[in-house]
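Residue 40 in this note's numbering sits at position 21 of the sequence shown, with consecutive numbering throughout.
Yeah, the Cβ is synthetic: ideal placement off N, Cα and C, and Gly gets one too.
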Amino acid sequence: MATRAGWAHGGKTYGWGVALRVVMVPVAARLLLLALGIHGLLASVLFVEASMPAAVNTVALASRYDVAEEWTSMVVAITTALSFVYLPLVIAISA
């Protein structure tokens, strides 16, 4: 029997993982770049790279160590889908 995916699984909400990856990591990256005095093209490239969606290798690690595989998979899927909206914005503000 198929189940419908929601925004929570096993008491863990996907929203926290998505918010961390989409909002907090880029903000932290921007602050770190400013603190280190990195500017120009290098700063733009590093900022955009840090803002990319969660990588699939996190699912492989979760599977390997048998920790929150489904939750990690959903966070990767959601951040990848959202990246079509937020990455153009990130690229625009990084210039």
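Compute the distance between the beta-carbons of Ser63 and Ala96, then report whether it is under 8 Å. no
If I measure Cβ to Cβ from Ser92 and keep anything under 6 Å in the same chain, skipping five residues before and after, which residues do I get? Cβ within range, chain order: Val78.
Rounding to the nearest angstrom, what Cα-Cα distance links Thr99 and Ser70 in this structure? C-alpha of Thr99 to C-alpha of Ser70: approximately 11 Å in a straight line.
Which whole-angstrom value describes the C-beta separation of Ile57 and Leu65, a residue pair presumed to lie in contact below a C-beta threshold of 8 Å? 7 Å
To the nearest angstrom, how far is it from the Cα of Ala48 to the Cα of Gly36? 17 Å
If you drop the 5 nearest sequence neighbours on each side, which residues of the same chain put their C-beta closer than 7 Å to that of Leu53? none
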